[in-house]
Every structure is written in C-alpha cells, then in structure tokens.
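Chains as they are written, first to last, in the numbering used here: chain Y, 12 to 95; chain L, 6 to 226. Each remark here refers to the structure printed beneath this line.
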C-alpha cells in the first residue's frame, strides 16, 4: 500500500457571488493594501490516504470531491497529490 | 385520516423539530412521530418533515453531512412512492444537497443572519402546498437563516419556471436569492423545500396563521 498526502481546494464557481470574499476585499483595502482586483474565499482540505498506486487513490479522491467535499452546483474543486 | 402520522426527522443539531411537532399536533390535531436520523424505517409514517436547525453543526456546507444519514438514504423510495416531504430551512438545504430538489443555498448576500417576517408571493399550485385559490396570493411567514440565498444556473432556473416548480417568491428579496426564490418543489410536486418557517406561523397569538395551510397539506394524498 502506498500513502499519499492530498490537498483539495474547493472554490465557489466564478458565477456565484462570494459575499465573504467581497467583505474581506473591502477590509483589505481599508488596511491600506492597494491593487486588489479580486478576492474570493475557498476551502482547503488535507487528506492522508492509502491505496494501491496513484490511480486508485485518484479514483477515491474524485469520488470524495464530487459527492462530499464540493457541491458541484456552486463549487469547483481541484487537488494535488504527493506520495509519502 | 385518524391514523395519519407525520414523521419529524431529528438530526444532531435540529432545533425546530419540536416546533413542527407542536404546530402539527397542537394546532392541527395531526399525529407526529420523531424519527432519529439513524433510522431507515419509514414504514410507520405517511409524510415527512425535515425541520430547521443546524444539522451536524452545518459542517462543510449546510445539509452536506445530513445527506449521508440512513434516513435520507431511505427517503428516495419514500419520495418515489409519491408520499409528501416538506423541508423547512435546514430541511430545504438538505433536500438540495441530496439532489431531491435542484439548486443550492448559499450565504446571504449581506452576510447577516436574517430573522424577520417576510411577505411571499405564492407562485405555483403544484403539489397543493399553498392556498392560492381566491384571494390568498400573498402570505407572511418568518425567516431565520444565514445561508438562505437560493442559487442555480440559468438552465435550471428556466426549467423551474417552465415546469412551474417555483412555489414561493419573496416580495422584497432579503437575501439575494436568484429570481427572489423562497421555495421550490420537485417535478411531481410531492417534495417542497422552503426557507421560511410555516410552523412558526400557526397560531394567531404568536404572529400569524399563514403557515397552517402548508402543514395541513401534508395530509394530502
């Protein structure tokens, strides 16, 4: 069995308004940071997972992302995977 | 109708289960039975309410974890048999997460938790959930949510409109919902999800009775 460290990024789709991102952008500008064109907030999920090779682990992570980690009606996801 | 029983689902974090049960039993004399979320036996109930609250602490997304409970797994067959399911607030969120209703509910546009009475237009008579007979085209119900902004893509919205699946629309959109949507049904009409709380408007002494009709309609066949 191989063990992998996976980082999953879940983001609101570009078409979905992100009011928390907008509020944070507004605070960033008040802090004095200029030049911010866009700020959107997502989630990062770290998973350590075992499996027989990368392909099997990718299948498991795809299932998790599609059915649980992200709601694909409003969110997109991507992930990176590192063999431990 | 004497034996008609409405199942009120209890998740860890549900907090409107007792209100729903009180409204059904105390105001409408309809028998209720609490259903723990780990139960998958729906044989003793004739209709189901998924009440409001914060199932599983709203972890990950509202309704996302509840979707995997044994009870929600058993709901598919229940819905296919034509029996009625009402999802209120968090119950609506669970119904969209689990795919019984289309779209999704996301954080309110102004990020506030909104607790208020709102006026709603009854749009569709699908499923007979609302009294839109002669005059009652507008009702007033309480809302209490932080993540009640209905969102769907344009194809889904067209489908909702074309098939008359939009049940309720806000008169003055409080949360930024697409197309002012406050509640929708499935195509068959036996599943309704809405953000407003009909169970909190079932007695004149606590602010109105516009919710009675919707709860009473649970006993429709």
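Note that the Cβ used here is the ideal one computed from N, Cα and C, for glycine as well. All values reported here derive from a predicted model rather than from experimental measurement.
Exercise. Is residue 220/L closer than 8 angstroms to residue 207/L when the C-beta atoms are compared?
Worked result: Locating residue 207/L in the second chain gives position 202, counting from the first residue. Locating residue 220/L in the second chain gives position 215, counting from the first residue. The answer is yes: Cβ separation under 8 angstroms.
Problem set entry | Burial state of residue 154/L, where buried means 16 or more other Cβ atoms lie within 10 Å | Locating residue 154/L in the second chain gives position 149, counting from the first residue. Under this definition residue 154/L is a buried residue.
Problem set entry | Below-8 angstroms beta-carbon distance, residue 102/L vs any chain Y residue | By one-based count along the second chain, residue 102/L stands at place 97. Taking Cβ atoms only, chain Y reaches closer than 8 angstroms to residue 102/L, which makes this a yes.
Exercise. Residue range of the beta strand (DSSP E) that residue 190/L falls in?
Worked result: Looking up residue 190/L in the second chain gives position 185. Looking at the DSSP string, the run of the beta strand (DSSP E) that includes residue 190/L is 186 to 190.
Problem set entry | When 67/Y, 86/Y, 60/Y are compared against residue 65/L, the one with the closest alpha-carbon | Locating residue 65/L in the second chain gives position 60, counting from the first residue. Checking every option, the nearest Cα to that of residue 65/L belongs to 86/Y.
Exercise. Beta-carbon of residue 14/L versus every beta-carbon of chain Y: anything under 8 angstroms?
Worked result: Counting from 1 along the second chain, the entry for residue 14/L is found at position 9. Not closer than 8 angstroms to any Cβ of chain Y, the Cβ of residue 14/L fails to qualify, so no.
For this session: Report yes or no: is there a C-beta of chain Y within less than 8 angstroms of the C-beta of residue 111/L?
Result: Taking the first residue of the second chain as position 1, residue 111/L is located at position 106. Chain Y, which has a Cβ nearer than 8 angstroms to the Cβ of residue 111/L, makes this yes.
Exercise. Terminal residues of the continuous beta strand (DSSP E) containing residue 47/Y?
Worked result: As a working mapping, residue 47/Y is identified with position 36 in the first chain. No beta strand (DSSP E) contains residue 47/Y, which DSSP labels as neither H nor E.
Exercise. When we look at the beta-carbon of residue 200/L and count the other beta-carbons within 10 Å, is it buried (16 or more) or exposed?
Worked result: By one-based count along the second chain, residue 200/L stands at place 195. Residue 200/L is buried by the Cβ-count criterion.
Exercise. Closest by CA to residue 157/L, which one among 146/L, 185/L, 138/L, 123/L?
Worked result: Numbered from 1 along the second chain, position 152 holds the residue referred to as residue 157/L. For residue 157/L, the nearest C-alpha among the options comes from 185/L.
Problem set entry | chain L contact for residue 31/Y (CB, 8 angstroms cutoff) | Taking the first residue of the first chain as position 1, residue 31/Y is located at position 20. Yes - at least one Cβ of chain L is within 8 angstroms of the one on residue 31/Y.
Problem set entry | Segments of 3+ residues assigned as beta strand (DSSP E) that fall wholly inside the stretch 37 to 121 of chain L | 52 to 55, 89 to 93, 109 to 111
For this session: May I ask you to report which of helix, strand or coil DSSP gives residue 84/Y?
Result: The residue labelled residue 84/Y in the question sits at position 73 within the first chain. In this structure, residue 84/Y counts as coil in the three-state DSSP scheme.
Exercise. Nearest to residue 119/L by alpha carbon, out of 22/L, 202/L, 19/L?
Worked result: Mapped onto the second chain, residue 119/L falls at position 114. Residue 202/L is the option with its Cα nearest to residue 119/L.
Problem set entry | Outcome for residue 85/L when other beta-carbon atoms lying within 10 angstroms are tallied against a minimum of 16 | To locate residue 85/L, count along the second chain from 1; it is residue 80. Exposed, by the Cβ-count rule.
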